[in-house]
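Mind the numbering: the sequence shown is residues 0 to 184 in numbering that gives the first Met the number 0, read in order.
Below you'll find the structure, written out as structure tokens, and then a few comments.
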Amino acid sequence: MKFLIATTNPGKIREFETLMPGHEFEVLPSGYIPPEEDGKTFIDNARIKARAALGGVLPVIAEDSGLCVEALGGAPGIFSARYGDCETDGERNALVLRQMEGKTNRAAFFECAAVCITPNGQEFVSSARCDGAITHEPRGDGGFGYDPLFERGGRTTAEMTQAEKNEISHRGKAIRGLLKMLEEA
Ligand code: ITT
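Have a look at this one:
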């Protein structure tokens, strides 16, 4: 199948390229103005993004994702991309590490809600999470966003290959689930 992937995040696009073997996809045109993500949940926001990009002949896939840290009451959560009004991933990571100073409970998870809407309005939703822990310092050069802080099985997701991260990640599981639903529809 061919899809329009409605994301402005280059890190996500790199992952979609490896998560959808056998499928083709287009990306948003340059200059695309994304909608305001004013939903209360990951699913709400994924739906907002998918609906905003609908209008062509392709089914649209959008996803909303984020890091939820137990000791921070679930923050950054749905505000992961704009946490603390920081400009860069490095600043956001530094902020989370400062907020985690002295905390012994390092439990955290990544969550992803993926939504596909077809041109005739049919909607498919698949959510998944990946459990892990917040490190004490950033490690690894791979991935994007909070990956250098998120440890699972002794390595951060920034220290994994893309294939290793896809196997366990919130996005990998959510997109595989979504594709299965579409294949069975
Ligand atoms: P789009 O809305 O255009 O897709 P975005 O980056 O604004 O791009 P989100 O609103 O879904 O996307 O925010 C997701 C943020 O959560 C992302 O910017 C990262 O900071 C973080 N995040 C999500 N998945 C991640 C992953 O696999 N590894 C590291 N950080 C991740």
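For every residue, glycine included, the Cβ atom is placed at its ideal position computed from N, Cα and C.
Candidates Met-19, Val-26, Gly-21: closest to Pro-9 by CA position | Val-26
Of all the options Ile-42, Tyr-31, Val-59, which has the alpha carbon lying nearest to the alpha carbon of Phe-24?
-> Val-59
For Thr-17, which of helix, strand or coil comes out of DSSP?
-> helix
Could you give the DSSP three-state label for Phe-143: helix, strand or coil?
-> coil
Could you check how far apart the C-beta atoms of Lys-48 and Asp-63 are, in whole angstroms? I think they sit under 8 Å.
-> Confirmed, about 7 Å.
So the beta strand (DSSP E) Lys-172 belongs to, where does it begin and stop?
-> Segment 169 to 183 is the alpha helix (DSSP H) holding Lys-172; no beta strand (DSSP E) there.
For Ala-107 versus Ala-132, is the C-beta distance shorter than 8 Å?
-> In contact: Ala-107 and Ala-132 (Cβ atoms closer than 8 Å).
Taking 5 Å as the limit, tell me which residues put their C-beta closer than that to any heavy atom of the ligand ITT, in chain order.
-> Thr-6, Thr-7, Asn-8, Asp-63, Ser-64, Gly-65, Ser-79, Ala-80, Gly-144, Tyr-145, Asp-146
Looking at C-alpha atoms only, which residue of Gln-121, Gly-153, Gly-142 is the closest neighbour of Thr-160?
-> Selection Gln-121, Gly-153, Gly-142 evaluated against Thr-160 yields Gly-142 as nearest (Cα-Cα).
Report the three-state DSSP secondary structure of Leu-27 (helix, strand or coil).
-> coil
Would you tell me roughly how many angstroms separate the C-alpha atoms of Thr-17 and Ser-29, rounded to the nearest one?
-> 22 Å
Distance between Leu-96 and Ala-77 (C-alpha atoms, nearest Å) | The question names Ala, yet the displayed sequence has Ile at residue 77. Near 18 Å, if we compare the C-alpha coordinates of Leu-96 and Ile-77.
For the 8 Å Cβ check, are there 3 or more pairs between the region 80 to 95 and the region 117 to 127?
-> no
May I ask which residues mark the beginning and end of the beta strand (DSSP E) holding Ile-116?
-> 106 to 116
With a cut-off of 8 Å on the beta carbons, I'd call Gly-181 and Met-0 a contact; round off their distance for me.
-> At residue 181 the sequence reads Leu, which differs from the Gly that was named. Yes, they are in contact, since the Cβ atoms of Leu-181 and Met-0 sit about 7 Å apart, within 8 Å.
Taking only the alpha-carbon atoms, compute the straight-line gap between Ala-157 and Gly-144 and give it to the nearest angstrom.
-> Roughly 9 Å between the two C-alpha positions.
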